[in-house]
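In our numbering, the protein residues as written are -7 to 470.
Okay, structure first, notes after.
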């Protein structure tokens, strides 16, 4: 299989045992602006899952026994292949609504992530244990087995890449279920690994019809060959997957939604804070799980922050399309509810849908005076909407943030590093970034959330260990 021969395909195949399959039921993939078909994908049905799992088990046996030095070379080669084919992969992302600059960043981050995982493959040592009853006791990490991986459309290259690369680095095989909104990107990523030399049994790529996806996913999860489930996406779907996995006693790695906040202390540099926070709220039309949703500003700096935010917003607040009509409708409903409950629009204007058949550009918004009774106060917007909240007591802000059901990202802005660190240490969040963006995910740093934002961690050794199990081996001299 050669990625260099790929183009923007009319039909996106599934890949089973190294064969690109286009003989399944075809399902249209719709574009983000006019919601017309841009291509179709060939899907598999529930009746095929057992065979896919059987092949994946064979792939696990083959890949896990391969010398780690060879696995490192193969994964590094996959990284190079992504970089060599940057332009076509960027085009495939733009086709499904990703901004071109963000699409290019996706490719670089994906390639860097693979390289980082490859560097960790042979750095997973065992431990010699103290044992009173055996001559030697060892704890060793071993790959857990075949993994079902699923990732969404909104950062399709990096999310597909890490969903595949982390289990591979751990020594596992992978069944990757593409997003029905961006299957071509997932196909390119899987094909890059296969072209690099990953055995054909080790990576399977499946497309599914949206209406049949829940049944298909449950069929995979229930199969005795599947040992772990890895899902990135919405909290609602993640919860459903966790329930199915729990029924079958399968562990999960979940990276889910967030209601991410920035806290601006009275000694913060306002211009620097605004220049970072607003792009963090509106990047990719707000359709990144790490986007800033809420800004808490101390009362001493509130007016100055609001004024600077309006000035910066005029420069960067351009309209863009949300991925689907339901997403646009949901965002509009959140704003309308907030306005009914007393919120004020500080920048932008509310988008109106003229009909259920039309998707219109969504204008970035800054809201103030959002009431706790408004749904937007606690719900993830997943749109270019940010609310600003005045505070006087930082302890109450910390309490409110920790009371949220989400806990993915936060940022603290202050010129007092010690005070900022103290605040960061008290926040219940997967990560807190001091004087920087909530959008922060790099290969060498663990990434994941707490509470309803997820379970487990991606990246580096943390990501590898998610797909390994600890085995104890004891030895007594014969």
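From the three backbone atoms N, C-alpha and C, an ideal C-beta is built for every residue, glycine too.
Query raised in the report: Taking residue 469 as the reference, which of 127, 91, 85 has the closest Cα?
Result: 127
**Report entry** Identified DSSP bridge partners for residue 463
**Finding:** 132
**Report entry** Contacts around residue 384, its chain only, beta-carbon distance under 7 Å, and the 5 residues preceding and following it disregarded
**Finding:** 291
Query raised in the report: Should residue 50 be listed as close to the ligand NAP, given that the test is whether its C-beta is under 7 Å from any heavy atom?
Result: Of the ligands one can find in the structure shown there are none, so the ligand NAP has no counterpart to examine.
Requested in this report: Thinking residue 339 and residue 312 are a contact (beta carbons under 8 Å), I'd like their distance in whole angstroms, please.
Outcome: About 15 Å; that fails the 8 Å criterion.
Requested in this report: Express the C-alpha separation of residue 190 and residue 66 in angstroms, rounding to a whole number.
Outcome: 7 Å
Query raised in the report: If we count the other Cβ atoms within 10 Å of its Cβ and call it buried at 16 or more, is residue 347 buried or exposed?
Result: Bear in mind that a pLDDT of 49 at residue 347, under 50, signals an unreliable position, so the number given afterwards is only what the model happens to contain. That one is exposed.
Query raised in the report: With a Cβ-Cβ cutoff of 8 Å, do residue 41 and residue 212 count as a contact?
Result: yes
Query - Supposed contact pair residue 155 and residue 199 - C-beta distance, whole angstroms, cut 8 Å - result: Not a contact, Cβ separation roughly 15 Å.
Report task. Taking residue 386 and residue 426 to be in contact with their CB atoms under 8 Å, please state how far apart those CB atoms are, rounded to whole angstroms. Result -> So it is not a contact: roughly 14 Å between Cβ atoms.
Query raised in the report: Can you tell which of 166, 380, 326 has its C-alpha closest to the C-alpha of residue 47?
Result: 166
Report task. Count the other CB atoms, across all protein chains shown, that sit within 10 Å of the CB of residue 325; report buried if there are 16 or more and exposed otherwise. Result -> Exposure of residue 325 is indicated by the presence of fewer than 16 other C-beta atoms within 10 angstroms of its C-beta.
Query raised in the report: What separation, rounded to the nearest whole angstrom, lies between the Cα atoms of residue 443 and residue 248?
Result: Spanning the two alpha carbons is a distance of roughly 10 Å.
Query raised in the report: residue 295 lies in the alpha helix (DSSP H); which residues open and close that run?
Result: 294 to 308
Query raised in the report: Which partner residues does residue 6 have in the DSSP bridge list?
Result: 13
Report task. Go ahead and pull the three-state DSSP assignment for residue 86. Result -> Helix at residue 86.
Query - Residue closest to residue 98, alpha-carbon to alpha-carbon, out of 328, 68, 153 - result: Of 328, 68, 153, the residue nearest in Cα terms is 153.
Query raised in the report: Are the CB atoms of residue 430 and residue 252 nearer to each other than 8 Å?
Result: yes
Requested in this report: Specify the secondary structure class of residue 347 as computed by DSSP and reduced to three states.
Outcome: Low local confidence applies: a pLDDT of 49 at residue 347 is under 50, so the model's placement there is unreliable, with the coordinate-based value given in what follows. Residue state, collapsed to three classes: coil.
**Report entry** For residue 308 and residue 238, the rounded distance between their alpha carbons
**Finding:** The alpha-carbon atoms of residue 238 and residue 308 are separated by roughly 45 Å.
Query - Per DSSP, the bridge partner or partners of residue 248 - result: For residue 248, which the question treats as bridged, DSSP gives no partner whatsoever.
Requested in this report: Kindly indicate which three-state DSSP category residue 79 falls into: helix, strand or coil?
Outcome: helix
Query - Among 193, 73, 283, 273, nearest to residue 181 - alpha-carbon criterion - result: 73
Query raised in the report: What's the gap between the Cα of residue 319 and the Cα of residue 61?
Result: 45 Å
Query raised in the report: Can you name, in chain order, every residue of its own chain whose Cβ lies under 6 Å from the Cβ of residue 150, other than the five neighbours on each side?
Result: 98, 101, 102
Query raised in the report: Shortest alpha-carbon distance to residue 281 belongs to which of 30, 321, 398?
Result: 398
Query raised in the report: In whole angstroms, what separates the C-alpha of residue 378 from that of residue 45?
Result: 43 Å
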